[in-house]
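Below is one structure, written out as structure tokens; the observations come after it.
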Amino acid sequence: MPKSSAAIAGIGSTPIWFRGESAPQTMLELIGKAVMAAVADAGITLDDVDGLAFFASGFDTALLIETLALKNVTFSHCVSSMGSGLAGMLDLAAMGVETGRAKNIVCIGGMQQVGRRLGQVLGSFGTTPDNVFQRIAGLNGPGQAMALQARRHMHQFGTRREAFGEVVINSRINASTRERAFRRKPLSMDEYLASPMLADPLCRLDFCLETDGALAFVVQAAERAQDGPQSPVYIAGGAQVGTAEWGRAFFGFQQDADAFVSAGGVPVAKRLYERTGIGPADIDVALVYDHFSPLVVMALEDFGFCKRGEGGPFVESGAIRMGGSIPVNPHGGNLSDAYVVGMTHIYEAVEQMRGTAVNQVAGAKTALITGGPAPTPMTAAILTNQA
Amino acid sequence: MTRVSICPDFSTLEVAMDAWSEPFWSAGAEGRVLMPRCTACGTFRWPAGPFCPQCRAQPVAWVSPGQARIYSFTILPMPGADKDAPPRWRLPTLVQFDEAPGIRLVSVLIDADVDAVAFGDPVTIEWRPGANAPVPVFRTAA
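The listed protein sequences derive, respectively, from chains A and B. In this text, residue positions in the first sequence follow the working numbering: the first is 6, and each later residue adds one. In this text, residue positions in the second sequence follow the working numbering: the first is 4, and each later residue adds one.
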């Protein structure tokens, strides 16, 4: 593993609310509060913040700079994709501090659905030459589109609904010990299988939560972070790869046969492992983007924890549980803890590396964070507590 | 009870098209399915657009893509007009073509036995009235 040049020195989060209930706070107010919490955690002040890194999650950065009265922002940059860009934001911030463009770059992201819901927004654009076919088909939300991939995966590999159920049940077990998690009630496989179908083979429980909140992470040069109040969590590396076949994310349907039954992570996994010299066998805990449970099965294949097509039996073996070969989403993930476009996955990865997580993976030294899939580029990152 | 998929009403759907996709819709007005193939290298291109994904050349010829077959699908329960209305299902379906490798078309499979849809099944493509252009739908081939 090459020496890390950047580290996460502080983390902050607002409380998390059910969809819409964060009003009358605005999105900028939520993000502002998260930034203040992260800055305090890192032992710096808002006047020290000279950089912002983010992904396309829907807020006006210029107004944020105004709202927080920042005076000298020398780095303000966005990864051009949505949930898939999540981990790339850390890569971007690492570049910023490595090159001296800024000293204290805050990575920010939030979600607020007051009035209208993200899935509906994605499906409510007027007809364009680009979306007219998905409108004719009736694929008005991401879960409906990804149901086509999930069904194909079941057809090609014999993947069972029980595998998707295991992803949900694992998330629920992990969330059960966390006070702030939104879905903590134990769930049996029979209950899962009886859940109403929303986009067969996806049932209601395969869809993630819809919650409001904001989170922020202070990234500094590694040496600088070592002087802060927290144990630094190093960014071992990040990777970002855009490919034509994911230009329309899950609404494209033109991927080659292998990519169609994937979570779009194969190219970015390859690049991430090459850049870091870390492989799937070296990862101690995986924060896998779980907006829809079948995509976790596919992402585990993409990132090399099992072979293509073996994700179903792999998760059904118990591999992703605490104590399994690769614990996945010990916080309960987007499915059971909270959904803030995956920002909570970064927060959990940092807590795992600090050794302070509610469901701590004993002795964990490396954490994988995956984005998306959503519009390309796909991104992923590895954090470590080893200097 | 056999579950049968709906044929949605497209009469108010405004079909948006541009210079590159317009030939698809004009062929549809004649009841034909044509897809764009690069005249330089022969690669099919979908969605229709200005450059070949293989060689980046611009010109295309619109040709018949051959038999359409089911590649994947999902089953959407449709909300009824009221709570006592009988359940209905919409079948978003993705097809690929025997003679147009590398591209797929998505629409709805109509009047199908929801529990008998199978991967690889051949479908015919029919055109239904839209607001400004006929809309393609799939029907299981007899």
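Note that beta-carbon positions come from the ideal geometry of N, C-alpha and C, so glycine has one too.
Per DSSP, reduced to three states, the secondary structure at GLU215(A) is coil, with no helix or strand assignment. In the structure shown, GLN154(A) adopts helical secondary structure according to DSSP, grouped into three states.
Annotation for TYR74(B): the continuous beta strand (DSSP E) segment containing it runs 71-76. Interface with chain B (8 Å Cβ-Cβ cutoff): ALA168(A) is excluded. At least one C-beta of chain B is nearer than 8 Å to the C-beta of GLY143(A). By the neighbour-count criterion, in which 16 or more other beta carbons inside 10 Å mark a residue as buried, CYS208(A) falls on the buried side. Residue contact check for ARG185(A) against chain B: no CB pair falls below 8 Å.
Counted as a single uninterrupted DSSP element, the beta strand (DSSP E) harbouring SER110(B) occupies residues 103-111. A residue is called buried once 16 or more other Cβ atoms fall within 10 Å of its Cβ, and ARG131(B) is buried on that count.
By the Cβ-count criterion, PRO332(A) is buried, with 16 or more other Cβ atoms from all chains shown falling within 10 Å of its own Cβ.
The residue among GLN30(A), ALA379(A) and ILE49(A) with its C-alpha nearest the C-alpha of GLY247(A) is ALA379(A). Taken in chain order, the members of the stretch 63-82 of chain B whose beta-carbon sits within less than 8 Å of a beta-carbon on chain A are TYR74, SER75, PHE76, THR77, ILE78, LEU79 and PRO80.
No Cβ-Cβ contact shorter than 8 Å links ALA230(A) with GLY114(A). From the beta-carbon of THR132(A), the residues of chain B found nearer than 9 Å are LEU16, GLU17, VAL18 and ALA19. Relative to the Cα of GLU228(A), the nearest Cα in the group TRP22(A), GLN391(A), MET41(A) and ASP46(A) belongs to GLN391(A).
As computed with DSSP, THR384(A) is found in a beta bridge with GLN245(A). Cβ contact annotation for PRO299(A) (same chain, cutoff 6 Å, sequence separation greater than five): ALA155 and PHE169, in chain order.
Within the DSSP bridge table, the entry for GLU356(A) names no partner. Bridge partners of GLN99(B) according to DSSP: ARG72(B) and ARG107(B).
The beta carbon of ALA199(A) lies closer than 6 Å to none in the same chain, with the five residues before and after it left out. Straight through space, the alpha carbons of SER81(A) and ILE70(A) are spaced by roughly 10 Å.
One thing to note: VAL266(A) has its Cβ within 8 Å of the Cβ of GLN161(A). About 6 Å separates the Cβ atoms of GLY270(A) and MET383(A), confirming a contact at the 8 Å cut-off.
Rounded to the nearest whole angstrom, the C-alpha separation of GLY360(A) and SER236(A) is 10 Å. Membership of ILE178(A) in the alpha helix (DSSP H) is indicated by the continuous run 166-180. Within the same chain, and ignoring the five residues on either side of GLU102(B) in sequence, the residues whose Cβ sits closer than 6 Å to its Cβ are PRO68 and GLY69.
Within 8 Å of the CB of HIS160(A), the CB atoms of chain B belong to SER75 and PHE122, in sequence order along the chain. Taking a C-beta distance under 8 Å as the contact criterion, LEU292(A) and ALA369(A) do not qualify as a contact pair.
Boundaries of the beta strand (DSSP E) around GLU129(B): 125-131. Taking 9 Å as the upper bound on Cβ-Cβ separation, chain B lies near no residue of the stretch 292-313 of chain A. From the beta-carbon of VAL137(A), the residues of chain B found nearer than 7 Å are VAL18 and ALA19.
Between the beta-carbon of LEU97(A) and that of ALA58(A) there is about 4 Å, and that keeps the pair under the 8 Å contact cut. Interface annotation, LEU37(B): not in contact with chain A, CB-CB separation never under 8 Å. As a beta-bridge residue in DSSP terms, TRP92(B) pairs with SER8(B) and PRO80(B). Relative to ILE73(B), the option among THR46(B), PHE141(B) and GLY52(B) whose CA is nearest is PHE141(B).
Per the DSSP secondary-structure output, TYR239(A) pairs in a beta bridge with ALA12(A) and THR389(A).
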